[in-house]
Ligand code: DAH
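Numbering (this note's numbering), first residue to last: 1 to 370.
Following this line, the structure appears as structure tokens:
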């Protein structure tokens with residue numbers, strides 16, 4: 001702006017007024033630019049406070065209006081109001097714009113990508129040994145049997161003596177026993193051994209069942225048994241047995257055969273045959289071992305059945321009258337049959353598993369197949 005040397009005061013005032021109007025216009029431009037650059041609603045709010053807030057630049061000008069000469073106040077006031085209206089309009093427009101894009105970003109961030117493959121959960125299943133145990137139990141429950149149990153830490157009486165195997169009986173060496181230190185100080189039945197042991201068979205549950213139940217008795221007893229054996233393809237130091245016991249009037253060997261034949265067909269398939277081979281167990285007389293026809297060669301003979309066409313699955317027999325009388329049952333009036341089978345062995349036969357140890361090693365690659 002040009003100034004005349006020694007010019008009137010009026011000129012200077014005019015210059016001052018023009019300067020304020022120009023400043024206001026510059027403020028408008030600068031603010032509109034800041035509004036356009038505000039990257040989010042928080043930044044936009046800072047711009048608003050800086051201009052229109054209590055200590056804002058435009059607010060400052062408006063406060064000074066009183067000090068401006070009356071005749072100029074209208075022009076400056078007009079400009080100030082225009083600037084305020086322009087700034088407020090720009091703020092509102094930008095605010096709407098930012099709110100819309102912030103909402104869009106929030107929706108994007110929370111969105112689910114339906115094309116991503118799902119994360120699958122590994123569902124656990126029951127172990128094959130438990131499943132076979134249940135399967136066999138169900139077959140007998142369907143025939144009206146109930147489930148009996150007994151302790152795994154057993155006394156010599158239930159594991160041997162009451163099963164017709166007194167202290168000097170050779171059958172005691174048929175299976176090597178884990179003895180448990182007997183703290184009662186009682187005289188042991190076998191010299192040098194304790195009277196407390198880990199049961200070597202579930203047959204002891206027969207004795208508990210006869211002591212605890214009214215006649216007739218139709219029970220099965222699944223449970224763990226222990227033997228001092230080194231694990232190999234056909235032995236485990238701990239395994240599972242299922243015992244069966246029937247005591248009633250008029251029970252015959254024919255009932256035993258029919259029951260076990262039914263069990264085999266249910267377990268392995270209708271086409272499978274059974275055969276009974278004479279055997280010895282101290283608590284049954286007569287005793288037998290039961291074989292089922294080989295599921296691989298159907299009786300022709302193959303490696304799985306060692307060329308015989310048959311697979312041994314359990315031991316059984318008619319309950320020895322001595323065993324009945326020892327448990328207080330009259331053998332003249334009642335007769336019964338009993339059987340016992342190894343669950344791991346049956347699982348291996350059913351699924352053609354060549355080594356019992358594979359069932360207990362916990363290798364998921366193997367277990368997952370069942
Ligand atoms: N306890 C026998 C064993 O462990 C299996 C057995 C055979 C059980 C004949 C029985 C039976 O009840 O009658 O080898």
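In this text, a Cβ means the ideal position worked out from N, Cα and C, and glycines have one as well.
Check, Outcome
"Range of the contiguous beta strand (DSSP E) that encloses residue 387", "Past the edges of the chain, shown from 1 to 370, lies residue 387, and the structure says nothing about it."
"beta-carbon residue 206 near the ligand DAH non-hydrogen atom, thresh 8 angstroms", "yes"
"Cutoff 9 angstroms: residue 302 Cβ touching any chain D Cβ", "This model lacks chain D altogether; it includes just one protein chain."
"Collapsed DSSP secondary structure at residue 327 in the structure displayed", "coil"
"Closer than 8 angstroms: residue 338 CB and nearest the ligand DAH heavy atom", "yes"
"Any non-hydrogen atom of the ligand DAH within 8 angstroms of residue 349 CB", "no"
"Span separating the alpha-carbon of residue 104 from that of residue 76", "42 angstroms"
"Contact belief for residue 180 with residue 153 at Cβ below 8 angstroms, rounded distance in angstroms", "6 angstroms"
"Beta-carbon proximity of residue 318 to residue 251, cut-off 9 angstroms", "yes"
"Expected contact under 8 angstroms - CB spacing of residue 21 and residue 58 to nearest Å", "About 13 angstroms; that fails the 8 angstroms criterion."
"Option in 40, 196 and 232 with minimal Cα separation from residue 355", "232"
"Distance, residue 23 Cα to residue 1 Cα", "Summary for residue 1: the model assigns pLDDT 41, below 50, so the residue's position carries little reliability; its value from the coordinates is reported in the next sentence. Rounded to whole angstroms, residue 1 to residue 23 spans 14 angstroms at the Cα level."
"Backbone CA spacing between residue 361 and residue 337 [nearest angstrom]", "35 angstroms"
"Per-residue DSSP class, three states only, for residue 370", "coil"
"Through-space distance from residue 312 to residue 358, alpha-carbon basis", "19 angstroms"
"Length of the line joining the Cα atoms of residue 158 and residue 151", "10 angstroms"
"Check whether residue 242 and residue 217 have beta carbons under 9 angstroms apart", "no"
"Burial state of residue 222, where buried means 16 or more other Cβ atoms lie within 10 Å", "buried"
"Any non-hydrogen atom of the ligand DAH within 8 angstroms of residue 312 CB", "no"
"Any non-hydrogen atom of the ligand DAH within 8 angstroms of residue 201 CB", "yes"
"Residue 301 versus residue 118 - alpha carbon distance", "49 angstroms"
"C-alpha gap between residue 224 and residue 260, whole angstroms", "21 angstroms"
"Local conformation of residue 233 per DSSP, three classes", "coil"
"Distance cut-off 8 angstroms: residue 305 Cβ against heavy atoms of the ligand DAH", "no"
"Residue 368 classed as buried or exposed, judged by whether at least 16 other C-beta atoms fall within 10 angstroms", "exposed"
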